[in-house]
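*Asks:* A single structure is presented below for examination.
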Amino acid sequence: MIWAKEETLPRSEIEAIQLSKLKDTVRYIYDRVKPYRDRMDAAGVKPEDIRTLEDLKKLPYTYKADFKENYPDGLFAVDKKEIVRYHASSGTTGKPTVVGYTRNDLDMWLNNVARIACMGGATAEDVAQISFGYGTFTGALGLHGGLEKIGASVIPMSSGNTNKQIMFLKDMGVTLLVATPSYALHLGEEIRKRGIDPAKDLKLHIGLFGGEGMTEPMRDEMHKVWGEQFVCTQNYGMSELCGPGVAGECTELCGMHVNEDWFIPEIIDPDTEEVLPPGERGELVVTCLGKEALPLVRYRTGDMTRLMYEPCKCGRTTCRMENISGRADDMLVIRGVNVFPTQIEEVLLKIEEIGPHYEILVERKNRLDVMTITVELIDDRLLDSYASLSELEGRIQRALKSQLGLATQIRLVAPNSLKRFEGKAKRVTDLRKDGL
Ligand code: DLL
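Numbering-wise (the working numbering), the sequence shown opens with residue 16 and increments by one.
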């Protein structure tokens, strides 16, 4: 099923919608958001200079750092009383990136999620278990609202508690699972360990995955654990742009269709900031059209991909983006949670028994991401006391958990035992290969 007629328009009509919304958005943002107006004035661009889609290039970029500088709501274009929902994701340091929605924004967002759910095969007949963590993360409430719009029955399970997840999958006749791909693999294996064969014993046949990438080897594994009947697609989004609902794979599995009447994608070289020709791989930059609370122009997502404009067999005419192949910055996505090494550093620097040198190791164990942080003690006498070591370890873990929302493993080592760098420090080792 195709949810909206805008998904199948001829290219010229999509572009006409984009241009009309772009002009309105630029005027709106210039009039209402001071940091934008200042930046446009500095670049010598006025709203009336936007006459064609090509003119988008004249507009300045927006960066994650702009959220930090204008924390919490300095980029908002409406008064607080217009906001009906807030969400948040990780900032690069202590403060989160806060995003807000008006009533119209929520409607636009959840309609876009409904489109994506339909792309993955969801219908009103589905019983959907949402196994994303509920809270300020946009994934759970986003998919929840989008699936409700379609008329599916939604189970707001949240993450964790594998036994309960499995009980509901079985007893409620769940047909559709929403999760990060790594958690879906983990859950599938746990189910098999309990002697349940998903193809025979469950009704599950659709997976809508996102929040982190799903590589093709992961999709193959997904079929091994969940069975060949299982159709799993991934979708893409980020809190700043709305959350999930920016792009999603259809069941042809040939890239993620971008909801182009709401988002204009561009691909740039992350170093020179030059726009690259169609088909080249680079950093995705997105302009949000028609958003009321947080209308971002040319937002540097940091995600590396490529856009494809050839028509798709599913009938949709919107362009497609390839699997995200990495990040232009040092952000890590751990169990669907965004983590910046600077956030970790900030926590560590506040703990007096440890020094400023640290290393981050990310591995995948039992299908789940595990992050181990090795830190140097300042005084090696601490190594002689097991009780003091484990108290310190627990304290660091709690501080990181409260900052990142993630459990970490801590290794405390003797002073001066970590490698020192003369140039740029390489603190992160990511051993996850193909996501497996
Ligand atoms: O992860 C929104 C979302 C939730 C999308 C659920 C899809 C499903 P944030 O927490 O702000 O928002 O994280 C956004 O996660 O910039 C990517 O680096 C990464 N990411 C999200 N989806 C994918 C994907 C949500 N399908 C950041 N493939 C993004 C690769 C993804 N990376």
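The beta-carbon is built from N, C-alpha and C at its ideal position, and this holds for glycine as well.
It should be emphasised that the depicted structure is a prediction, and the values quoted were computed from it without experimental measurement.
Answer yes or no: do residue 398 and residue 407 have a C-beta to C-beta separation smaller than 8 Å?
*Replies:* On the sequence shown, position 383 is the one that residue 398 refers to. On the sequence shown, position 392 is the one that residue 407 refers to. No. Outside cutoff.
*Asks:* Is it right to say residue 307 is buried, meaning 16 or more other beta carbons lie within 10 angstroms of its own, or is it exposed?
*Replies:* Residue numbering aside, residue 307 sits at position 292 when the sequence shown is read from its first letter. Result: buried.
*Asks:* When you compare the region 92-112 with the region 239-249, are there three or more beta-carbon pairs, one atom per stretch, that lie closer than 8 Å?
*Replies:* no
*Asks:* Quick one: grab the DSSP three-state call for residue 251.
*Replies:* For the purposes of this step, residue 251 is taken as residue 236 along the sequence shown, with counting starting at 1. Strand, per DSSP.
*Asks:* By Cβ distance below 8 Å, which residues in the same chain neighbour residue 172 in space, the five residues on each side in sequence not counted?
*Replies:* Numbered from 1 along the sequence shown, position 157 holds the residue referred to as residue 172. Correct list, in chain order: 144, 145, 146, 179, 180, 183.
*Asks:* Hey, which unbroken runs of the alpha helix (DSSP H) at 4 residues or more fall wholly within the region 98-182?
*Replies:* 118-134, 153-165
*Asks:* Measuring only from the beta carbon, is residue 339 closer than 7 Å to any heavy atom that is part of the ligand DLL?
*Replies:* On the sequence shown, position 324 is the one that residue 339 refers to. Under cutoff, so the answer is yes.
*Asks:* Considering only their Cβ atoms, is the gap separating residue 16 from residue 133 smaller than 8 Å?
*Replies:* Here the question's residue 133 lines up with position 118 in the sequence shown. Here the question's residue 16 lines up with position 1 in the sequence shown. A contact, by the Cβ cut-off of 8 Å.
*Asks:* If you measure between the beta carbons of residue 364 and residue 115, is that distance less than 8 Å?
*Replies:* The residue labelled residue 364 in the question sits at position 349 within the sequence shown. The residue labelled residue 115 in the question sits at position 100 within the sequence shown. Taking 8 Å as the Cβ cut-off, residue 364 and residue 115 do not qualify as a contacting pair.
*Asks:* Report the three-state DSSP secondary structure of residue 33 (helix, strand or coil).
*Replies:* The count along the sequence shown starts at 1 and reaches residue 33 at position 18. Annotated three-state conformation of residue 33 is helix, per DSSP.
*Asks:* Quick one: residues in its chain with C-beta nearer than 7 Å to the C-beta of residue 38, no 5 flanking neighbours on either side, listed in chain order?
*Replies:* The residue labelled residue 38 in the question sits at position 23 within the sequence shown. Excluding positions up to five away in sequence, the list reads 65.
*Asks:* Under the criterion of a Cβ to heavy atom distance below 7 Å, does residue 348 qualify as lining the ligand DLL?
*Replies:* Position 333 of the sequence shown holds residue 348. Yes; taking the cut-off as 7 Å, the Cβ of residue 348 has a heavy atom of the ligand DLL nearer than that.
*Asks:* So residue 234 is in the beta strand (DSSP E); what residue range does that whole segment cover?
*Replies:* As a working mapping, residue 234 is identified with position 219 in the sequence shown. Where residue 234 is concerned, there is no enclosing beta strand (DSSP E), although the alpha helix (DSSP H) it sits in stretches over 231-241.
*Asks:* With the cut-off set at 8 Å, would you say residue 197 and residue 376 are in Cβ contact?
*Replies:* Counted from its first residue, the sequence shown places residue 197 at position 182. Counted from its first residue, the sequence shown places residue 376 at position 361. No.
*Asks:* Going by beta-carbon coordinates alone, are residue 226 and residue 154 separated by less than 8 Å?
*Replies:* Counting from 1 along the sequence shown, the entry for residue 226 is found at position 211. Counting from 1 along the sequence shown, the entry for residue 154 is found at position 139. Closer than 8 Å, so yes.
*Asks:* Quick one: which unbroken beta strand (DSSP E) runs of 3-plus residues sit fully inside the region 355-396? Chain order, please.
*Replies:* 369-380, 383-392
*Asks:* Would the beta-carbon of residue 253 be found less than 7 Å away from any heavy atom of the ligand DLL?
*Replies:* On the sequence shown, residue 253 is found 238 positions in, with the first residue counted as 1. Flag set: Cβ of residue 253 near the ligand DLL.
*Asks:* How would you write the range of the alpha helix (DSSP H) that residue 206 sits in, first residue to last?
*Replies:* Working through the sequence shown from its first residue, we reach residue 206 at position 191. Element bounds for residue 206: 196-208.
*Asks:* Could you tell me the distance, in whole angstroms, from the CA atom of residue 378 to the CA atom of residue 353?
*Replies:* Here residue 378 corresponds to residue number 363 of the sequence shown, with the count starting at 1. Here residue 353 corresponds to residue number 338 of the sequence shown, with the count starting at 1. Approximately 15 Å between the Cα atoms of the pair.
*Asks:* In this structure, does DSSP put residue 429 in helix, strand or coil?
*Replies:* Within the sequence shown, numbered from 1, the residue matching residue 429 stands at position 414. Residue 429: coil per DSSP, three-state reduction.
*Asks:* Counting Cβ pairs, one atom from each stretch, are 3 or more of them under 8 Å apart for the region 338-355 and the region 57-75?
*Replies:* no
*Asks:* Apply the 10 Å Cβ neighbour rule to residue 152 and answer buried if 16 or more other Cβ atoms are within range, or exposed otherwise.
*Replies:* On the sequence shown, position 137 is the one that residue 152 refers to. Per the 10 Å Cβ criterion, buried.
*Asks:* Among the residues of its own chain, which have a CB less than 6 Å from the CB of residue 252, if the five just before and after it don't count?
*Replies:* Along the sequence shown, one-based indexing puts residue 252 at 237. Cβ neighbours of residue 252 beyond the five flanking positions: 258, 259, 260, 261.
*Asks:* Exposed or buried, which one is residue 99 when buried takes at least 16 other CB atoms within 10 Å?
*Replies:* Translated into positions along the sequence shown, residue 99 becomes position 84. By the neighbour-count rule (16 or more Cβ atoms within 10 Å), residue 99 is not buried but exposed.
*Asks:* Rounding to the nearest angstrom, what Cα-Cα distance links residue 343 and residue 156 in this structure?
*Replies:* By one-based count along the sequence shown, residue 343 stands at place 328. By one-based count along the sequence shown, residue 156 stands at place 141. Computed Cα separation, rounded: 28 Å.
*Asks:* List the residues that DSSP assigns as beta-bridge partners of residue 321.
*Replies:* Translated into positions along the sequence shown, residue 321 becomes position 306. Looking at the DSSP assignment, residue 321 forms a beta bridge with 296.
*Asks:* Under the criterion of a Cβ to heavy atom distance below 7 Å, does residue 400 qualify as lining the ligand DLL?
*Replies:* Within the sequence shown, the letter at position 385 stands for residue 400. No, the Cβ of residue 400 stays beyond 7 Å of every heavy atom of the ligand DLL.
*Asks:* Could you please give me the residues that DSSP links to residue 445 through a beta bridge?
*Replies:* For the purposes of this step, residue 445 is identified with residue 430 of the sequence shown, where counting begins at 1. 377.
*Asks:* With respect to 7 Å, is the separation between the Cβ of residue 351 and the closest non-hydrogen atom of the ligand DLL below this value?
*Replies:* Your numbering for residue 351 matches position 336 in the sequence shown. Answer for residue 351: yes, Cβ within range of the ligand DLL.
*Asks:* Counting Cβ pairs, one atom from each stretch, are 3 or more of them under 8 Å apart for the region 120-130 and the region 76-85?
*Replies:* no
*Asks:* Under the criterion of a Cβ to heavy atom distance below 7 Å, does residue 163 qualify as lining the ligand DLL?
*Replies:* On the sequence shown, residue 163 is found 148 positions in, with the first residue counted as 1. Checking every heavy atom of the ligand DLL against the Cβ of residue 163, none is found closer than 7 Å.
*Asks:* In the DSSP assignment, the alpha helix (DSSP H) including residue 80 goes from what residue to what residue?
*Replies:* Translated into positions along the sequence shown, residue 80 becomes position 65. It spans 79-84 - the alpha helix (DSSP H) in which residue 80 sits, taken as one unbroken run.
*Asks:* Can residue 280 and residue 247 be called in contact, C-beta distance under 8 Å?
*Replies:* Sequence index remark: in the sequence shown, residue 280 carries index 265 (1-based). Sequence index remark: in the sequence shown, residue 247 carries index 232 (1-based). Contact: no.
*Asks:* Taking only heavy atoms of the ligand DLL into account, decide whether any of them is closer than 7 Å to the Cβ of residue 424.
*Replies:* Taking the sequence shown and counting its residues from 1, the one referred to as residue 424 is at position 409. Relative to the non-hydrogen atoms of the ligand DLL, the Cβ of residue 424 never comes closer than 7 Å to any of them.
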